[in-house]
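Numbering (this note's numbering), first residue to last: 20 to 272. Cβ coordinates follow ideal geometry from the N, Cα and C atoms, glycine included. Everything numeric in this text was worked out from a predicted model, so none of it was measured. Shown next, in structure tokens, is the structure this report addresses.
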Ligand code: ATP
């Protein structure tokens, strides 16, 4: 049963929206360790898609492969219909894919503003329109614009990592476990901002261990287990699926 205080599920974009990102038969290994064993994932323009799974399932590997940090052993990554597997990471950013990595890797010695400006490096110089947009989305960062990033709270550093990725004007934003280590109230605020980012037109692929929060935000979801997609479907269906509730929402059968 849905409580009245829960956020509404996001309205699904039309299923005829074109595929923005397609992973087809993707295999990725670290030496002898097969991390992804032939996964197929589609993200359509306008969607928020959640990629769920336990520790070590291969979620970060998926994002790192999309953003060009890892090369697949086989299979394809297509963005806007073009193959991008094998394209180096700095060029993938230029194609319109922003990546906020796991563990909020901000530049600890730099200020908030300097970190944000780094996110716009592909344009040479940060545009004040982009800066204004990010600081409006994250008023907390606006208040702390001159603070050294390493002294920010965990939630603020997560906001900064996302804000920095937005400075590159991504069409597709890859978010790796934004909720990790954050208090529930901060997670709720952060997820509302991610919803707003999507409403403003950015497609989002969201990796999360917090399945409940992720599925309330997402339109569709995929469940990764040891490098394979076990389930996928509309987020509302996954949220109510007994297997998901037992394995990822801590509700014993
Ligand atoms: P987590 O939520 O713990 O970050 P994940 O779902 O993101 O997990 P990955 O980090 O993608 O999982 O890891 C998938 C598998 O690949 C795991 O078995 C992991 O041990 C292995 N792996 C990841 N990075 C490396 C690496 N640099 N070298 C060797 N093996 C790795």
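Check, Outcome
"Return the chain-ordered list of same chain residues with a C-beta closer than 6 angstroms to the C-beta of residue 76, the five sequence neighbours on each side being excluded.", "243 and 244"
"With 16 as the cutoff for other CB atoms within 10 Å, does residue 202 come out buried or exposed?", "exposed"
"Just reading off the beta strand (DSSP E) that residue 137 is part of, what are its end residues?", "Taken as a continuous stretch (DSSP letters only), residue 137 belongs to no beta strand (DSSP E), being part of the alpha helix (DSSP H) at 131–137."
"Three-state secondary structure (DSSP) at residue 232?", "helix"
"Please determine whether the Cβ atom of residue 76 lies at a distance below 6 angstroms from any heavy atom of ligand 1.", "yes"
"Using only the alpha-carbon positions, how far apart do residue 116 and residue 122 sit?", "19 angstroms"
"Helix, strand or coil: which one does DSSP assign to residue 152?", "helix"
"In the DSSP output, what is residue 61 paired with across the bridge?", "41"
"With DSSP run on the structure shown, which of helix, strand or coil describes residue 56?", "strand"
"How long is the line joining the alpha carbons of residue 90 and residue 105, rounded to whole angstroms?", "6 angstroms"
"For residue 258, which residues from the same chain have a beta carbon less than 6 angstroms from its beta carbon, with the 5 sequence-adjacent residues on both sides left out?", "234"
"Okay, do the stretch 146–155 and the stretch 200–214 touch, 3+ Cβ pairs below 8 angstroms being the bar?", "no"
"Going straight from the alpha carbon of residue 264 to that of residue 46, what length do you get?", "28 angstroms"
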